[in-house]
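Protein chains in written order, with numbering that gives the first Met the number 0: chain A, 0 to 506; chain B, 0 to 443. We put the CB at the ideal spot given by N, CA and C, even for glycine. Computed from a predicted model, the values in this text were never measured in an experiment.
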Amino acid sequence: MKDVFPGLQPINRRKFLSLGLQGGLALAATPVLVRSLLAGEGQKLQVPDELLKKALAAALKRGGDFADVYVENRVSRSLLLEEGRFKSAVFGLIRGAGVRVIDGDKTGYAYTDELTEEKILRAAEVASFIATSGKKTQPLALKEQKRPSYIRVKIPLQEVADARRMEIMKRAHEAALGYDQRIKMASIDYYDEIRDRIIATSEGVLLRSSLPLIFFIVQTLAVGNNTSHMGRERLSRHAGLEMFDELPPEKAAREAARESVVMLEAREAPAGKMDVVIQNGWGGVLVHEAVGHPLEADNISRETGAFVGKLGQKVAADIFTMVDDGSLPNFRGTTDFDDEGTQMKKNVLIENGVLVKYMTDVLSAKQLKMERTGNGRRESFRYYPIPRMTNTYIEKGKDKPEDIVASTKSGLYVQSLSGGSVNPTTGVFNFTCREAYLIEDGKKTVPVRGATLIGSCLDIITKIDAVGNDLDFGPGICGKGQSAEVTAGQPTVRIRGITVGGTRQRG
Amino acid sequence: MDYRAIAEQVIKICKQKGADQAEAYLASGRELSLEVRNGKIESIQEASSYGLGLRVISGHKLGFAYVNDFRPESLEETVRRALDFARILTADENNVLPDDPAMTEVRGLYDPGLSQIPLDRKIALAREVESLALKVKGITRSEGARYGESESEIVLANSLGLVKSYKSSGCGFGVGAIAEKGEQKSSGYESCQRRFFADLKPPAEVAKRAADLALEMLDPRPVKTQRAAVILDPDVAFAILGGIIQAINGERVLQGASFLGKKLGQKIASELITIIDDGTLEKGLASAPFDGEGVPTQKRPVVENGILKGFLYNTYAARRAGVKSTGNASRGGFDSLPGIGPHNFYIAAGKMKPEEIIAATDRGVLVKEVTGYGINPVNGNFSGGAAGLWIENGKIAFPVKGITIAGTAEEMLNGIDMLGNDLDLNRSRTAPTLRIKSLQIGGE
């Protein structure tokens with residue numbers, strides 16, 4: 000079996016390999032030697048250019064328009080501090096490669112866990128069977144490119160001792176429990192990973208990158224007299240451990256605890272149509288679901304999406320501008336280039352109410368004869384890329400957030416949202432409030448239980464009548480058959496007349 | 000590759016390296032998925048893959064590492080990582096591995112003929128279901144049809160002498176149909192999953208259901224915000240079951256984070272309601288001879304005639320609670336620690352025909368679609384978006400879209416006053432059609 004993963008110290012590793020093989024699986028080297036050989040988490044993912052070239056040629060052997068090879072190595076750590084105990088720690092080492100062939104509208108895909116020449120070429124062969132059009136494409140010579148990076152790291156994750164990660168978790172745990180006596184339990188989830196990618200395409204693109212990611216989740220349980228509430232706060236960036244200097248874990252913990260305690264006093268939410276003000280930040284998940292997904296170009300090229308045929312048309316209120324930008328420095332949805340090698344950039348999707356752009360990947364851009372926007376993303380080598388959002392937000396407006404509330408006679412003030420979903424064909428969406436309050440006579444008053452908000456995408460964006468000047472963001476996970484790291488953002492906005500799923504009939 | 004040998008070898012290394020206990024969980028398999036749109040193949044994906052999850056316990060501390068690279072040095076690193084991680088954690092004497100060598104006999108988990116069926120036949124199945132859906136009058140577009148299959152083998156070995164394995168298979172196909180009328184667009188999706196290829200429903204049946212779901216929702220009318228009866232179709236059973244599954248999670252109960260935590264032996268639902276968790280069902284999509292850490296599976300009622308009978312436990316949570324594991328250790332894959340989850344989980348069938356339930360309803364909604372997170376497992380609150388068919392005087396009157404339904408678990412579960420006989424155990428989490436006497440509906 001030919002190893003295509005020689006690593007940084009090929010001589011030592013080969014030596015180690017021979018030692019390892021002599022003793023079967025038993026460890027033959029001294030622990031110190033093994034440590035120095037294997038601790039190289041930051042080591043570059045190395046696959047010879049020659050093999051990538053061969054794979055692309057094999058992929059296009061039966062024809063096709065486009066082929067790419069994606070190689071990935073992911074080293075991850077996940078730690079859980081819950082009920083005062085470091086309960087579990089998970090270390091992950093995953094690697095693999097996928098080969099894709101596009102022939103007309105068709106996609107062939109195969110992947111392998113084994114980064115050997117034999118298995119990668121076999122994947123290329125399996126993917127190649129899709130091609131039947133007879134169109135021949137000669138892969139261009141691979142030329143390695145350097146691209147600007149939007150991810151700056153001060154404290155690289157691979158240089159951080161686990162004790163430092165645990166210290167950060169402890170800080171959050173103590174801050175959560177210390178917030179209020181009613182906080183009975185805190186759960187601190189720490190996850191980080193380094194994802195190395197190699198992308199080689201039949202268009203001659205060859206890119207290598209290493210991408211760090213941190214995801215930190217605090218959940219707190221508050222127990223009241225006759226109810227309980229689990230609060231949550233999440234921090235995430237493509238960054239090193241310096242993320243916690245800018246986003247202190249204590250602050251996140253106190254925010255989760257505050258939500259838990261406040262919601263113990265929550266009353267029944269009203270039911271029916273009303274005006275809704277959504278606070279700045281993660282509330283942008285509203286447009287992520289309601290507008291973002293229907294603007295992903297796979298729905299458009301298949302002519303099933305809610306926004307088909309609406310390019311250039313006025314679809315929203317004048318004050319509504321929506322952007323997807325995968326180049327915001329260190330954001331959770333940011334990468335230097337997408338998983339097909341397309342450069343990330345700021346894409347204005349809806350400008351002053353006019354639909355100006357869809358989010359594309361290689362396939363949908365080709366089908367629609369549009370530009371590639373940098374939205375071809377995949378969860379891992381086990382999936383082929385599809386159009387996905389990155390950091391998606393409503394551009395800031397001119398209104399002061401306090402004026403927006405003051406000018407709302409009655410309705411619902413949504414401080415934070417759990418998440419939601421949309422049917423991209425019909426545009427019908429829903430999302431669930433985490434923390435919401437009644438608005439009575441222009442004032443935010445009592446908290447109400449988590450209610451569902453529902454509507455239709457084409458309708459909702461015409462009903463936004465106030466956009467604040469306080470743009471902010473929140474990190475999240477987006478699922479569309481495969482998961483993606485995203486950010487959603489917005490300033491405080493008001494939507495007139497949206498259906499709220501409460502339990503209380505209004506008088 | 001000899002996965003059993005790898006598992007046993009890795010356990011041996013763990014013991015040599017000083018682990019008190021060790022467990023190797025190997026998952027291997029292959030998958031095929033394909034999509035067809037407007038009669039043409041849109042994508043075909045094929046792959047086989049494998050991975051190892053390694054749990055080690057050292058001084059009552061638990062470490063875990065996973066890897067999909069079985070070269071000797073990578074397996075060595077995995078052992079070292081798991082042990083290094085174990086050292087830094089908090090000791091907990093409940094961290095133990097199970098030692099029951101038994102396996103529950105479950106029939107019909109693996110279709111040995113699945114991989115022998117030619118690819119062309121599977122493509123033809125997807126093409127056929129799509130073309131049949133498009134032939135239905137009023138269906139204007141296809142959202143595509145899919146066929147998918149997978150086969151997997153689980154090998155589990157631990158240092159207490161367990162070595163168990165089983166093979167399983169699954170296959171399924173489905174189609175999305177779109178009905179358009181003027182500016183209106185309505186979509187319906189239906190699929191069928193089975194362990195055996197020969198058990199798949201005829202494509203005509205799947206196509207008709209997808210088309211019906213899209214067509215019956217055309218020309219919806221608004222309804223006023225009101226309280227009325229809510230009938231849940233089996234398609235939306237998760238709206239009730241999801242929250243219950245989380246609330247009877249034994250670890251969540253220990254943490255005080257469940258609305259059912261203090262209700263054991265008490266009435267939590269209408270007398271009509273019996274809920275079963277069954278890991279032993281023949282050909283069941285969530286059946287297995289042992290759970291995610293090797294404990295034999297069983298069939299047991301968690302709610303019987305409205306009384307809460309028990310929670311779900313893995314070995315760790317059971318020991319903490321002072322009970323026996325119920326065989327409910329769940330694994331998301333080789334890359335996850337055993338959590339807690341159900342097997343085939345369902346509300347047992349009642350006696351009424353679904354049409355009798357509709358006929359007995361003066362005013363209410365037959366809910367076909369629910370969105371949102373279902374019942375909140377912590378406090379039992381529920382709010383969801385809904386769509387379905389409005390019922391007046393025992394008859395379906397018109398479709399409704401964009402409504403909400405909301406209440407509490409207590410109100411919903413105790414309010415169930417009619418239960419259908421239409422339980423379909425080919426689904427892993429399901430219920431018959433059931434009626435909640437009265438619930439808040441949000442509309443105009």
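Contacts that residue i makes with chain A (C-beta to C-beta distance below 9 Å)
| i | result |
| --- | --- |
| Arg-145 (chain B) | Going along chain A, no residue has its Cβ under 9 Å from Arg-145 (chain B), so there is no contact; the nearest lies around 10 Å. |
| Phe-84 (chain B) | Arg-76, Leu-78, Ser-87, Ala-88, Val-89, Phe-90, Asp-161 |
| Gly-255 (chain B) | Lys-183, Met-184, Leu-220, Val-222, Ser-227 |
Within chain A, the residues that residue i reaches when beta carbons sit closer than 7 Å
| i | result |
| --- | --- |
| Ile-177 (chain B) | Thr-303, Thr-424 |
| Asn-248 (chain B) | Correct list: empty, because the minimum Cβ distance to chain A is about 13 Å. |
| Ser-73 (chain B) | Leu-92 |
Where residue i meets chain B, residues with beta-carbon distance less than 8 Å
| i | result |
| --- | --- |
| Gln-504 (chain A) | Thr-224, Gln-225, Arg-226, Gln-439 |
Neighbour-count burial assignment, residue i, 16 or more Cβ in a 10 Å radius
| i | result |
| --- | --- |
| Gln-439 (chain B) | buried |
| Gly-304 (chain A) | buried |
| Glu-158 (chain A) | exposed |
| Gln-278 (chain A) | buried |
| Asp-1 (chain B) | exposed |
| Ile-101 (chain A) | buried |
| Pro-117 (chain B) | exposed |
| Asn-224 (chain A) | exposed |
| Glu-250 (chain B) | buried |
| Asn-93 (chain B) | exposed |
| Thr-131 (chain A) | exposed |
| Gly-340 (chain A) | buried |
| Gln-265 (chain B) | exposed |
Partner residues on chain A for residue i, Cβ-Cβ distance less than 8 Å
| i | result |
| --- | --- |
| Tyr-65 (chain B) | Val-89, Phe-90, Gly-91, Leu-92, Ile-93 |
| Leu-336 (chain B) | Ser-87, Val-89 |
| Ala-405 (chain B) | Ala-268, Ala-270, Ala-450, Thr-451, Gly-500, Gly-501, Thr-502 |
Start-to-end residues for the beta strand (DSSP E) that takes in residue i
| i | result |
| --- | --- |
| Ile-349 (chain A) | 345-350 |
| Lys-436 (chain B) | 433-441 |
| Tyr-65 (chain B) | 60-66 |
| Asp-451 (chain B) | Only positions 0 to 443 of chain B appear in this structure, which leaves residue 451 (chain B) out of reach. |
| Val-229 (chain B) | 225-231 |
| Asp-274 (chain A) | 269-277 |
| Gly-52 (chain B) | 39-57 |
| Gln-450 (chain B) | Lying outside 0 to 443, the shown extent of chain B, residue 450 (chain B) is not represented and no answer is given. |
Opening and closing residue of the alpha helix (DSSP H) in which residue i lies
| i | result |
| --- | --- |
| Tyr-178 (chain A) | 161-178 |
| Asn-413 (chain B) | 408-413 |
| Thr-77 (chain B) | 71-87 |
| Asp-402 (chain A) | 400-405 |
| Leu-118 (chain B) | 118-134 |
| Arg-3 (chain B) | 2-15 |
Residues bridged to residue i (per DSSP)
| i | result |
| --- | --- |
| Lys-163 (chain B) | B:Leu-155 |
| Ile-272 (chain B) | Answer is none; Ile-272 (chain B) lacks a bridge partner. |
| Glu-71 (chain A) | A:Gly-95, A:Arg-196 |
| Cys-432 (chain A) | A:Leu-416 |
| Leu-418 (chain B) | B:Leu-433 |
| Arg-61 (chain A) | Paired residue(s): none; Arg-61 (chain A) is not in a bridge. |
| Cys-477 (chain A) | A:Ala-483 |
| Thr-103 (chain B) | None, per the DSSP bridge assignment. |
| Asn-380 (chain B) | B:Thr-407 |
| Leu-218 (chain A) | The question names Leu, but residue 218 (chain A) in the sequence shown is Gln. Paired residue(s): A:Ser-186, A:Arg-231. |
Contacts that residue i makes with chain B (C-beta to C-beta distance below 7 Å)
| i | result |
| --- | --- |
| Arg-84 (chain A) | Thr-89, Asp-91 |
| Ser-420 (chain A) | Thr-370 |
| Asn-429 (chain A) | Thr-370, Gly-371, Gly-384 |
Inter-stretch contact (C-beta, 8 Å, three-pair minimum) for the segment 493-500 of chain A and the segment 445-459 of chain A: The answer is yes - the segment 445-459 of chain A touches the segment 493-500 of chain A, with three or more Cβ pairs under 8 Å.
The segment 124-133 of chain B / the segment 171-182 of chain B touching (three or more Cβ pairs under 8 Å): By the criterion of at least three beta-carbon pairs nearer than 8 Å, the segment 124-133 of chain B is in contact with the segment 171-182 of chain B.
Cβ contact check for the segment 375-394 of chain A and the segment 65-84 of chain A: 3 or more pairs under 8 Å: Note that the segment 375-394 of chain A touches the segment 65-84 of chain A; at least 3 beta-carbon pairs, one per stretch, sit closer than 8 Å.
Cβ contact check for the segment 476-489 of chain A and the segment 331-340 of chain A: 3 or more pairs under 8 Å: yes
Inter-stretch contact at 8 Å, needing at least 3 Cβ pairs: the segment 75-94 of chain A / the segment 156-171 of chain A: yes
Cβ contact check for the segment 222-233 of chain B and the segment 353-372 of chain B: 3 or more pairs under 8 Å: yes
Meets three-Cβ-pair contact criterion under 8 Å: the segment 102-110 of chain B and the segment 276-290 of chain B: yes
At least three beta-carbon pairs within less than 8 Å, the segment 304-323 of chain A to the segment 345-359 of chain A: yes
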